[in-house]
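Taking the numbering used here, the leading residue of the sequence shown gets 14, the next gets one more, and so forth.
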Amino acid sequence: MKNTIMFDGLASILAYPREDYKSRLTMCLEALRTSEFPDPERRQSAIEHLQQFSDAVIPLSVGELEELYTRTFDINPVSSLEVGWHLYGETYERGTFLVHMRDLLRRYAIEESSELPDHLTHALHALGRMDESEIREFVPARLVRALDKMLEGFAVNPNPYEHVLKSVRILACESVTSHGGE
Numbered sequence: 014m015k016n017t018i019m020f021d022g023l024a025s026i027l028a029y030p031r032e033d034y035k036s037r038l039t040m041c042l043e044a045l046r047t048s049e050f051p052d053p054e055r056r057q058s059a060i061e062h063l064q065q066f067s068d069a070v071i072p073l074s075v076g077e078l079e080e081l082y083t084r085t086f087d088i089n090p091v092s093s094l095e096v097g098w099h100l101y102g103e104t105y106e107r108g109t110f111l112v113h114m115r116d117l118l119r120r121y122a123i124e125e126s127s128e129l130p131d132h133l134t135h136a137l138h139a140l141g142r143m144d145e146s147e148i149r150e151f152v153p154a155r156l157v158r159a160l161d162k163m164l165e166g167f168a169v170n171p172n173p174y175e176h177v178l179k180s181v182r183i184l185a186c187e188s189v190t191s192h193g194g195e
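1) Counting Cβ pairs closer than 8 Å, one from the stretch 85-97 and one from the stretch 162-173, do we hit at least three?
2) Where LEU63 and ILE71 are concerned, what is the direct C-alpha to C-alpha distance, given to the nearest angstrom?
3) For SER45 versus ALA59, is the C-beta spacing smaller than 8 Å?
4) What is the DSSP secondary structure of GLU147, counted as helix, strand or coil?
5) Compute the Euclidean distance between the alpha carbons of PRO53 and ALA185, then round it to the nearest angstrom.
6) Once the 5 residues before and after PHE20 are set aside, which same chain residues still bring their CB inside 6 Å of it?
7) Go ahead and pull the three-state DSSP assignment for PHE20.
8) Helix, strand or coil for GLU13 per DSSP?
9) Using only alpha-carbon positions, find the residue among SER180, THR190, VAL189 and SER146 that is nearest to GLN65.
10) Suppose contacts are defined by Cβ-Cβ distances below 8 Å. Is LEU38 in contact with SER67 by that definition?
11) In whole angstroms, what separates the C-alpha of ARG182 from that of HIS135?
12) Checking the sheet assignment: what are the DSSP bridge partners for HIS132?
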């Protein structure tokens, strides 16, 4: 399953909201609906989570979306979007992971944003371009572990972004399954 457009779309939803946020969300849902999946039930579950998110945020103004995003990911470290921070905290190993992620971004010609290289948006852009062996190594060992920790932050405080992260987790696991892993 090579779904660069779908993973890029998910990355755009997890980036700081801009004026075109709602159109990006619509395009991401469409990409998900037309993507190839070995398991139709997982696909449907991912679509349902993303649709729940869409239903919750479409009525919001861009300003309200910005506030929700900041409150969810920037102020609350438990649900921050830095993959390496969830895996390694502020240790030397995180520095090594940041270098690895920067190398991936360069290899796949992914432009770095103002976010650190281990930001989930960068990881999703890279995931959509990885070969099978990279997917089998990266997703279970790093991405899913970090997503599980991010999702723990929503156990006490439910939030629409929880549905995006659940959809990302399902699709990341599906990318491993479709390449003979997991």
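The beta carbon of each residue, even a glycine, is placed where N, CA and C say it ideally should be.
The model shown is predicted, which means the values in this text are computed figures rather than measured ones.
Let me spell this out:
1) yes
2) 12 Å
3) In the sequence as presented, Ser is not what sits at residue 45; that position holds Leu. Closer than 8 Å, so yes.
4) helix
5) 15 Å
6) LEU137, LEU140 and GLY141
7) helix
8) The question about residue 13 has no answer here: the residues shown for the chain are numbered 14 through 195.
9) SER180
10) yes
11) 15 Å
12) GLU95
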